[in-house]
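S.K.: Sharing a structure, written as structure tokens. Questions coming.
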Amino acid sequence: MFSTICLLFFIGFIFWMNTSRRISWPEKNPVMNYMVRKPLYSKFLACALFLLATVLLTGLLGIGSGIFAAFVILMMAGSVCVLFFPFRYFGTRTIGLVYVFGVVSEIIFK
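Residue 34 is where the sequence shown starts when you use our numbering, and the numbers rise one by one after that.
Dropping the structure here:
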């Protein structure tokens, strides 16, 4: 569950970062190319993903610790995106592999 919540925050931050005029990358998928022309849609989708992940965290951890964890995970996702994005260290395949590894780890060590 936590890996899915982190993935939601991460994808939301990617959509929010897609609205920036200073950051561009050549190998965007068609959804990102469409969203760059409609920045309001991209910000709305990012906020919806952030809200969904926050609601899941508050349901899982309680109100106080869920909101605190939401801020921490959002800062983590933003830091990872801003730090690694210019070097092209991750793409869709890498994000998918890290997510699958997280889900399998949650299932095994639960």
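Even for Gly, the Cβ is constructed at its ideal location relative to N, Cα and C.
#1: Out of curiosity, what's the CA-to-CA distance linking Phe-123 and Tyr-74?
#2: What's the gap between the Cα of Val-137 and the Cα of Ile-56?
#3: Short of 8 Å in beta carbon distance, which residues of its chain neighbour Ala-102, apart from the five on each side in sequence? Order them along the chain.
#4: May I ask which residues mark the beginning and end of the alpha helix (DSSP H) holding Asn-51?
#5: Rounded to whole angstroms, what is the Cα-Cα separation between Thr-37 and Val-133?
#6: Can you tell me where the alpha helix (DSSP H) holding Glu-60 begins and where it ends?
#7: Which class does Gly-95 belong to by DSSP, given the choice of helix, strand or coil?
#8: Confirm, please, whether the CB-CB distance from Cys-114 to Phe-46 is below 8 Å.
#9: On the three-state DSSP scale, how would you describe Arg-70?
#10: Closest to Arg-126 by CA distance: which of Val-69, Glu-60, Arg-54, Ile-106 is it?
M.R.: In short, the structure shows the following:
#1: 24 Å
#2: 33 Å
#3: Leu-90, Leu-94
#4: Taken as a continuous stretch (DSSP letters only), Asn-51 belongs to no alpha helix (DSSP H), as it is neither H nor E.
#5: 10 Å
#6: No alpha helix (DSSP H) contains Glu-60, which DSSP labels as neither H nor E.
#7: coil
#8: yes
#9: helix
#10: Glu-60
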